[in-house]
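J.: Let me give you the structure first, and then I'll get to my questions.
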Amino acid sequence: MIEQPEPLHDVLARRDSIVAGLRRLLPESGVIAEPLRLKPYETDGLSAYRQTPMAVVLPETTEQVAAIMAFCSSEGVRVVPRGAGTSLSGGALPMEDAVVVGLMRMNRILDIDYADRCAVVQAGVTNIGITQAVSARQFFYAPDPSSQLACMIGGNVNMNSGGAHCLRYGVTANNLLGLKIVTVDGQIVDIGGAHLDAAGLDWLGLLTGSEGQLAIVTEVTVRILRSPEGARAMLAAFKSNEIAGACVDSIISSGIIPVALEFMDRPAIHACEAFAHAGYPLDAEAMLIIEVEGSVAEQDDLLGRISAICARHDPISLKVAESAEQSAAIWKGRKGAFGAVGRISPDYLCMDGTIPTSQLPAVLRRIGEMSASYGLQVANIFHAGDGNLHPLIMFDANDPSSFHKAEAFGADILKLCVEVGGCLTGEHGVGVEKRDLMGVQFTEIELDQQRRLKSAFDPGWLLNANKVFPLTAALRAA
Amino acid sequence: MIPTDEAGIVAAIQHAAGPLAIQGHGSKLAMLRPVQAAATLSTAGLTGVTFYSPNELVISARAGTTIAELAMVVAKNGQHLIAEPPELGALLGSDQPGTIGGAVAANLSGPRRVAWGAMRDHVMGLRAVNGRGEILRAGGRVLKNVTGLDVCKLLSGSHGTLAVITEVTLKVLPAPERRATLVLKGQPPAHAVAALSAALGSPYAVSGAAWLPADLAALVPSLSWLGGNVTLARLEDFAPSVAYRSERLRAELAEFGAVEMLDDAASAVLWTDIGNVSPLVHAPGAIWKISVRPSQGAGIVAAMQAIGATCMLDWGGGLVWVSGPATAAAHHAVEAATRAAGGVWTVMRAPDPWRSAVAVIPPGPPAMAAIGARVKAAFDPRGILNPGRMVAGA
Ligand SMILES: Cc1cc2nc3c(=O)[nH]c(=O)nc-3n(C[C@H](O)[C@H](O)[C@H](O)COP(=O)(O)OP(=O)(O)OC[C@H]3O[C@@H](n4cnc5c(N)ncnc54)[C@H](O)[C@@H]3O)c2cc1C
Ligand SMILES: Cc1cc2nc3c(=O)[nH]c(=O)nc-3n(C[C@H](O)[C@H](O)[C@H](O)COP(=O)(O)OP(=O)(O)OC[C@H]3O[C@@H](n4cnc5c(N)ncnc54)[C@H](O)[C@@H]3O)c2cc1C
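First to last, the sequence lines map onto chains R and W.
For the record, in the first sequence the residue sitting at position 361 is 361 according to the numbering used here, with numbers rising by one throughout.
For the record, in the second sequence the residue sitting at position 392 is 1392 according to the numbering used here, with numbers rising by one throughout.
Written out as structure tokens, the structure reads:
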């Protein structure tokens, strides 16, 4: 079990009066404090860690969020913000003495402006919900995490989430214009707006990816983009990870930036094929899914150039989709990857380090060696264009020693990522999962600087105090 | 002081007896507020590319490396700096070339901003020295990184008020094989913005969207032959794509008027001129930069014409460059028009006493002023780095 900060005992002792205070701020259904009804909130996408919170509140307006924050800060109560709870790093894991502020009822789209290419949405709107709202006019919201059916824009902002298409369109941070936030003491503040550049310090950039450490986000102004005329995928299979890695290098250095460039290793190919019957080549050691955009003629041109590059890398097979249906078939296995691995092993950890792409073959080799020495299977799925690695480590949750081994294996992979010039997390965030590894990437001076930054927003360390920073030091600074 | 390495920057800050004015080559001293400091600390001595991996789309350089040198290094590998950091020295009355540290510290982006993001969007990592004399690394050298609070973004655009940036790591991209510019003639600003909005809302990946009034267009060599106001949309891609997209876009823009085309060579020079705001270089008086939602751009132009100021538009109408009299009355007109449009202004060039007296950027919300003061103290507790650069007394 993950270590939690020492609960504030005076807060636990005042539980009933705190809950009563919250009930005065919200309608009846907006406050949950019954143990059974708190259950669904005790974990997130990292379900190995669980903790029932003191209470859950479900505000419907920014003003209610402000009232909750003013109340909690005056009462010294810790707060854990929550979107859909799909975080894979335990970012939304509660604490025993904390109030979970769930944004899911704030799910309205407030404004769509096609002329200025932006939309204002509440924090609880799902990622896919934004694209759905604008798709009739052939617009879309670009960052597309594979959890996009469930995850919410407020969570995306706080995790700075990415997706398969961020090689072309960037991550969440690159697609935001403004935020409405509530500070820890309950003040409502507008950051940015519908214009491109802010004057003064870049609060928008700092708040993005801040993992609920600095403020509660209640509204988001996003950029929306016109959809391309079309998109098509191709699949290329290779005899080794080295060759596939070299092929990625050749594509990028040719001047082509595909909109997506996904890499799967042999175990991932086999898992996905068994699950999705997508027609993946089972004799391959590595496979690339490459997608390009534009008119049919432009797609033909780019896919032709890429095929020619792949052909120079001794491919086992090359398959260029000739229709939208064939593209969908190529993506089917990749998109079902989590489910596919879930079939082989009900329990797995999804890691998320980033490495310089030149290190890919070496890192995959080391991961293979670690897999053998830990005796745990691993499948690698990888946003190849940007070096964001997603090793899925399979373990058996019924066997505590297997889980601990998986955690240790995961930590070793992340340390390796840092060692070769990368980082601990490319898109899933630090959360509780990687909190204690922060010292691998940052010096104590750098961590202290970040802690002082948090303190500037949250002097009492009430927001998400169990995340991001190594625990003892977090408490020391608090 | 012009140290030649990071250790020298650390020493200068640790031993500083009082406030330091932080600069690269000082090409942007005319913007924002003048800093009252007895000593100047320059990064101009920290030069050179420290790392470049073209296949990984990443380059690192010490902060004092000029933008021009960096652009040249990546161009040799067929790549470019994505945000097109402009060279504003001439506009701001300096003969100095801009440094990459300065471009990041001021978060200055060129025309491509409208499609490909700002300077700060492509800063993968940086090294900096805070006001305590501590070396900080933020971000890294990989394209995706969400580890910890994003100090990289906070320092980009902080104008040297939190830390002295000593090295930056940028994402670069392959430079396009071909460029083309579609030109509409004679549009008043409101029509121009509508046309640019249609262009930017098309599926053709327009990467530049600007408008110049006739008198400014006449100053640009690649436009002077056209006569009248010009509305400009740029395409950049592989040659077959540019050929195809320019025909499609020309058809879509036909409802706004006859469309002329500028070729690759003319386009390259033209968009450099627009990014560097060359048409306003010789304009007397003050220069402001206004960022608004694009549809408000035309209204700003009208309000500025009423006080005798001249404007040009970039970013599809979302960036207004204003040249007007260096008077408090003109500044207040800029403030009023920008506020009404829900945007932000930045004073880019104005006489010293004058820019000490006005709000060179809009005051933020009171809650953020308090947080901002604590953030400043978190990096620079003695308040020695560029005090008063953005806001009086901070
Ligand atoms: C199957 C699956 C696939 C995934 N694929 C991807 C992927 O491709 N790319 C990717 O980047 N991630 C992916 N994720 C991770 C996860 O979906 C993202 O991190 C997502 O952004 C979380 O959104 P959420 O609404 O679920 O937020 P939550 O999990 O509820 O919260 C995430 C963090 O943000 C904070 N937070 C949430 N809302 C707010 C708010 N309004 N104000 C302040 N703080 C807030 C929380 O405290 C927490 O720290 C995946 C997860 C799953 C389960
Ligand atoms: C709390 C929680 C609840 C969940 N509940 C469910 C559930 O009830 N049912 C369920 O199925 N899953 C669920 N998931 C899993 C998650 O939402 C899956 O990622 C999702 O189901 C994938 O389904 P899909 O194939 O329809 O994906 P899609 O939404 O179609 O797409 C998934 C990804 O592929 C990308 N993509 C789509 N089309 C293309 C294309 N043409 N080319 C390239 N990329 C493309 C998308 O942008 C996205 O990144 C849940 C996850 C969480 C955390």
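Where is the CB? At the ideal position from N, CA and C, for every residue including glycine.
Determine the direct distance from the alpha carbon of LEU1216/W to that of LEU1280/W, and round the result to whole angstroms.
T.: 7 Å
J.: From the DSSP output, in three-state form, read off ARG312/R for me.
T.: Under the three-state reduction of DSSP output, ARG312/R falls in the coil class, being neither helix nor strand.
J.: Quick one: is the Cβ of GLU96/R within less than 7 Å of any heavy atom of ligand 1?
T.: no
J.: Say whether chain R places a C-beta atom closer than 8 Å to the C-beta of GLY1275/W.
T.: no
J.: Are PRO1111/W and GLU1087/W closer than 8 Å when you measure CB to CB?
T.: Cβ atoms of PRO1111/W and GLU1087/W: not closer than 8 Å.
J.: For PHE338/R, is the beta carbon positioned less than 7 Å from some heavy atom of ligand 1?
T.: Yes, ligand 1 has a heavy atom inside 7 Å of this Cβ.
J.: Round the Cβ separation of LEU1232/W and THR1181/W to the nearest angstrom and send it over; I've been treating them as touching at under 8 Å.
T.: 6 Å
J.: Do you know offhand how far VAL77/R's Cα is from HIS390/R's?
T.: Approximately 36 Å between the Cα atoms of the pair.
J.: Run through chain R and tell me which residues come within less than 9 Å of MET1390/W, C-beta to C-beta.
T.: ALA199, GLY200, LEU201, listed in chain order.
J.: According to the neighbour-count rule (16 or more other Cβ atoms, all chains shown, within 10 Å of its Cβ), is GLU433/R buried or exposed?
T.: buried
J.: Interface residues of chain R around LEU1143/W at Cβ under 7 Å?
T.: Near LEU1143/W (Cβ distances below 7 Å), the residues of chain R are ASP386, GLY387.
J.: Identify the continuous alpha helix (DSSP H) that holds TYR374/R and give its terminal residues.
T.: 360 to 374
J.: PHE1256/W CB to nearest chain R CB: under 8 Å?
T.: no
J.: Could you work out which residues of chain R lie near LYS1153/W, taking near to mean beta carbons separated by less than 9 Å?
T.: ALA173, ASP202, LEU204, GLY205, LEU206, THR208, GLY209
J.: Can you give the beta carbon distance from GLY102/R to ASP44/R, rounded, assuming they're within the 8 Å contact cut?
T.: Not a contact, Cβ separation roughly 11 Å.
J.: Nearest-angstrom Cα distance between ILE1371/W and LYS454/R?
T.: 10 Å
J.: Relative to ligand 1, is the shortest distance from any of its heavy atoms to the C-beta of LYS467/R smaller than 7 Å?
T.: Yes, Cβ of LYS467/R sits closer than 7 Å to a heavy atom of ligand 1.
J.: Among THR183/R, PRO145/R, GLY186/R, whose alpha-carbon lies nearest the alpha-carbon of TYR169/R?
T.: PRO145/R
J.: Using a beta-carbon distance below 8 Å, is ALA1021/W in contact with chain R?
T.: no
J.: What are the boundary residues of the alpha helix (DSSP H) that ASN127/R is part of?
T.: Segment 127 to 134, the alpha helix (DSSP H) holding ASN127/R.
J.: Which chain R residues sit within Cβ distance under 7 Å of TYR1244/W?
T.: The answer, in chain order, is SER295, ALA297, GLU298.
J.: How many angstroms separate the CA atom of ALA1373/W from the CA atom of VAL125/R?
T.: 33 Å
J.: Quick check: the Cα distance between GLN51/R and PRO7/R, rounded to an integer number of angstroms?
T.: Approximately 12 Å between the Cα atoms of the pair.
J.: Find the nearest neighbour of GLY1098/W within the set LEU1270/W, GLU1069/W, HIS1080/W, VAL1074/W, judged by alpha-carbon distance.
T.: GLU1069/W
J.: Closer than 7 Å, Cβ to Cβ, to anything on chain W: give me those residues from the stretch 110 to 124 of chain R, in chain order.
T.: TYR114, ALA115, ASP116, ARG117
J.: Straight-line CA distance for SER227/R to VAL1242/W?
T.: Straight-line Cα distance between these residues: approximately 17 Å.
J.: Do you know how far the Cα of GLY85/R is from the Cα of ARG266/R?
T.: 31 Å
J.: In the DSSP assignment, find the beta strand (DSSP E) that holds ARG1127/W and state where it starts and stops.
T.: 1123 to 1130
J.: Closest Cβ-Cβ distance between THR1346/W and chain R: below 8 Å?
T.: yes
J.: Is ALA477/R helix, strand or coil by DSSP?
T.: Confidence is the limiting factor: at ALA477/R the pLDDT is only 45, short of 50, which leaves the residue's position unreliable, though a coordinate-based value still follows. The answer is helix: DSSP assigns ALA477/R an H, G or I state.
J.: Helix, strand or coil for ARG137/R? Go by DSSP, reduced to three states.
T.: helix
J.: Between GLY1275/W and PRO1294/W, is the Cβ-Cβ spacing less than 8 Å?
T.: no
J.: Flag this pair as yes or no: are the beta carbons of ALA1367/W and THR183/R separated by less than 8 Å?
T.: yes
J.: Check whether the stretch 396 to 406 of chain R and the stretch 312 to 327 of chain R are in contact - that is, three or more C-beta pairs closer than 8 Å.
T.: no
J.: Could you tell me which of MET152/R, ASP113/R, ILE153/R sits nearest to ASP134/R, measuring between CA atoms?
T.: It is Val, not Asp, that sits at residue 134/R in the sequence shown. With distances taken between Cα atoms, VAL134/R lies closest to ASP113/R.
J.: Residue range of the alpha helix (DSSP H) that ALA260/R falls in?
T.: Note, ALA260/R: premise wrong, no alpha helix (DSSP H); beta strand (DSSP E) at 260 to 265.
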